[in-house]
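The sequence shown begins at 1 in full-length UniProt numbering and counts up one residue at a time.
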Amino acid sequence: MILQPQESSIVKLCLKDTRENISEIFFQPTISSHDIEIHPALHTVKNSCFPTVIRNLGNTAIHFNKGQVFGEATPSFLLKTNENANDKNICGSPNNNTPMCNLIIPSEDILKKRKDELSETDFKLEHLNSDQKQLLLETLLDRSAAFSKSLKTIGCTDRVIPTFNFRSHNPIKTLPFEIPHAIQGTIKEELNELIEAGLIHRNISQWSSPMVLVKKKQNPTNPHKPASYRMALDLRLLNTILENSTYPLPKIPTLINEISKYPFYTTIDFCKAYWQILLPEEMQDVLTFTTPFGTFANRRLVFGLKTAASVFQALVDLLIDELKLSGTTGIYAYQDDIVIGAHSFQEMHNKIRSVLDILIKYNLTLSPEKCVFFKSTIDYLGFNISHNKIQPITSNILKITSFQPPRTVKQVRRFLGLCGFYRSLIPGFAELTECLTELTRKNVPFQWTPTHQEAFKKLQDVFFTKPFVRLPDWDKPFVLNTDASGQAISGILLQEHEGKLHPISYYSKTLSNSERNYPAIKLELFAIYKSVHAFKTYLYNTNFKILTDSKPLLHYKKFASPTDIVSRWLLYLSEFQFTCEHIPGKENTLADFFSRFPVNRTEISNIPQDEQELILPVVETHCNTINAISDTSLEISTSIG
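Here it is in structure tokens:
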């Protein structure tokens, strides 16, 4: 079996010793590789085999041989258990001993509170017809154990056990920050609430980080209401000695592409997500914090720890993998934001039930007021998603188009950061932003010139353009058109639709000073190499065509010993299956245009009519005011890779 980079696969594992009739086992992985992820879990055994999910976290393919040993299996009846419910770990108990697999169960009192605090009005279902609303409401209320609305009833799981590695360092200890007298009473109340909920406890430790106050957003409907604050921990010093996590977060472009294949969506959000993961006792001691009212230790994972996001992602990946094993697909998650995709209401209803059931199984809870059910469009990770269509969310378009000309380098970086999030939707992004990027480089004095203003305005105008890319069709071959200029390289991924090539996604890169010294033939090869690398998700293990106005591959194959860097490019490209078709420079107008973007409208006159249809919407600006967004907002395909 071969597992490609960043790929997951359901694999059937078989027991070596089949003398006993074993129906359930606890599987503990023993395979030693940082690039292979397999979770320990309880499994039902059929015909001496059981399914599990294996994930390749690395950047190279992994080969598994027949007879490969993946781990050890222990019959479930040999595991230490206790049938007395009073002896089981209870969520919030201060004396929990972390077991190998999830044994934390909520008390009957907590389950009752979750049920009592949940009501029909917590769910926004007005858009459904009466039958759909009644069916879904019954399902949600019957599974009240999957929802919580207060700190005392939030979930608590040890399905993943956070482990943190610190560089060799003495314990960090800091004094508490001062708190204004006017809000000390509020802070005392919040501390007491956290203690009563079992989330923190008083503690004396060699470690301590200061508590800080973060001002909450003002309610625009009540601007005269006094400001309110929430507690947080200043973990900056602790993070400096904490090793980075190797667990990968999902790639947003991949998630967006997958989600948009479905016509209907449900989004669910965890209630106080990080606080639902139990910390081992040794980490509770490290996460002790100081206040003017004493020192306290966290029993749960806290926001602000630099590895917390990876820990929570590991948890939701584990749940999704288990759902896949049971046949429930179309569930996607980026940390605590989960999306369920479906093609019909009945399919969505079944998936919601499966998701809620597994959340109850592992004592995880959702925030009911943040859940959105059976919608045809959603806002997710900065994008507005509907079936086969993606566009930046309106709030981000407003931020970009109303951004005032920068006066400092920091403001330039902020503007480029906002736009850069959508760079794969913007043709010629690197060339367009070249002069702005130059201002952010070290030892470059900030001086805003008409050239910068023109580039700034053109970049804003792009966010008013019509759609110009399509959703990829995985059953059709891809075509990659590349080109290079003296300032940038570009690549356009295309597919044929109704007899014409249509863009799927864009790639561009501003050349560094050393890269600008490459001869033209080397630049063309560089454009191919970088474009193939950028579109690897689409092109790997497929047959595709490269269109270029040079013959770099043929040129370098004539040399017995190409330079080291060229050898590396050619070696990388050898992993792909493609044909290279030469296009005379005067005919390669599309990629050439984008490698030199922006241009004036008059420069388009020499481009063939069918290619003008792709370019004109990018160049033309349809409005001069923000009010026009509602009519001409970007409608971009799901390809943002």
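Glycine included, each C-beta is placed from N, C-alpha and C at the ideal position.
Residue environment, residue i, which counts as buried when at least 16 other CB atoms sit within 10 Å
i: S245; result: buried
i: P94; result: In this prediction, P94 has a pLDDT of 39, which is less than 50 and means its spatial position is unreliable; what the coordinates show is noted afterwards. P94 should be labelled exposed.
i: M283; result: buried
i: N129; result: exposed
i: A520; result: exposed
i: L175; result: exposed
i: Y572; result: exposed
i: L13; result: buried
i: W207; result: buried
i: T81; result: Reliability of the predicted coordinates at T81 is poor, the pLDDT of 43 falling under 50, and no value is obtained from them.
i: residue 661; result: Here the chain covers residues 1 to 641 and nothing more, so residue 661 does not appear.
i: G185; result: exposed
i: R407; result: exposed
i: N543; result: exposed
i: V157; result: The sequence given here has Thr at residue 157, not Val. Buried, since its Cβ has 16 or more Cβ neighbours within 10 Å.
Span separating the alpha-carbon of residue i from that of residue j
i: F70; j: P368; result: 39 Å
i: L279; j: A309; result: 14 Å
i: S9; j: L318; result: 13 Å
i: residue 664; j: L359; result: With the chain covering 1 to 641 only, the question about residue 664 has no answer from this structure.
i: G491; j: I2; result: 30 Å
i: K124; j: F373; result: 8 Å
i: G428; j: C435; result: 13 Å
i: residue 644; j: K215; result: Because the chain is modelled from 1 through 641, residue 644 falls outside the range shown and cannot be assessed.
i: L136; j: G341; result: 16 Å
i: A170; j: T254; result: Here residue 170 is Asn; the residue named in the question, Ala, does not match the sequence. Cα to Cα, N170 sits roughly 41 Å from T254.
i: T328; j: F27; result: 21 Å
i: G417; j: Y380; result: 18 Å
i: K112; j: A455; result: 60 Å
i: A41; j: L191; result: 36 Å
i: A333; j: E498; result: 35 Å
i: F478; j: Q276; result: 44 Å
i: D35; j: Q4; result: 11 Å
i: P392; j: K509; result: 22 Å
i: S386; j: R143; result: 28 Å
Of the listed residues the options, nearest to residue i (C-alpha basis)
i: T482; options: T163, A527, V160, S326; result: A527
i: K173; options: P248, S209, I546; result: S209
i: L323; options: F403, Y229, N350, C49; result: N350
i: E72; options: G417, G382, I38; result: I38
i: Y529; options: W275, I546, N363; result: I546
i: Q68; options: L15, E117, K536; result: L15
i: N443; options: E454, V409, P472; result: V409
i: F296; options: I195, I583, T163; result: I195
i: V316; options: R353, D285, F270, Q487; result: F270
i: T74; options: E24, G341, H169; result: E24
i: A182; options: L136, L137, Y229; result: Y229
i: S107; options: L235, L523, T121, I154; result: I154
i: F48; options: G304, Y247, Q460, I22; result: Inspection of the sequence shows that residue 48 is occupied by Ser rather than by Phe. Nearest C-alpha to S48: I22.
i: T44; options: S326, R159, Y247, D116; result: S326
i: Y540; options: A61, I31, V53, V11; result: A61
i: P445; options: V412, K457, S424; result: V412
i: Q134; options: L570, F345, S395; result: F345
i: L523; options: H533, V532, L511; result: L511
i: D321; options: V53, I187, K457; result: V53
Cross-strand partners of residue i (DSSP beta bridge)
i: E581; result: L547
i: I492; result: N481, Y506
i: K46; result: C49
i: P337; result: It should be pointed out that residue 337 corresponds to Asp in this sequence rather than to Pro. Partner(s): D269, Y334.
i: T290; result: P210, T295
i: Y572; result: Y572 pairs with nothing; no bridge assigned.
i: A342; result: F264
i: N56; result: I36
i: H63; result: I2
i: M231; result: L213
i: T74; result: F26
i: Q391; result: N384
i: H533; result: In the DSSP output, where bridge partners are listed per residue, H533 has none listed.
i: D379; result: N384
i: F147; result: L366
i: C14; result: C49
i: H127; result: Its beta-bridge partners do not exist; DSSP assigns none.
i: V372; result: T267
i: A41; result: F27
Residue i: CB within 8 Å of a non-hydrogen atom of the ligand SAH
i: D357; result: As presented, the structure is devoid of all ligands, the ligand SAH included, so that no description of it is given.
Quiz item: Are three or more beta carbon pairs between the segment 285-300 and the segment 138-148 nearer than 8 Å?
Solution: no
Quiz item: Counting pairs of beta carbons, one from the segment 262-269 and one from the segment 160-167, are three or more of them closer than 8 Å?
Solution: no
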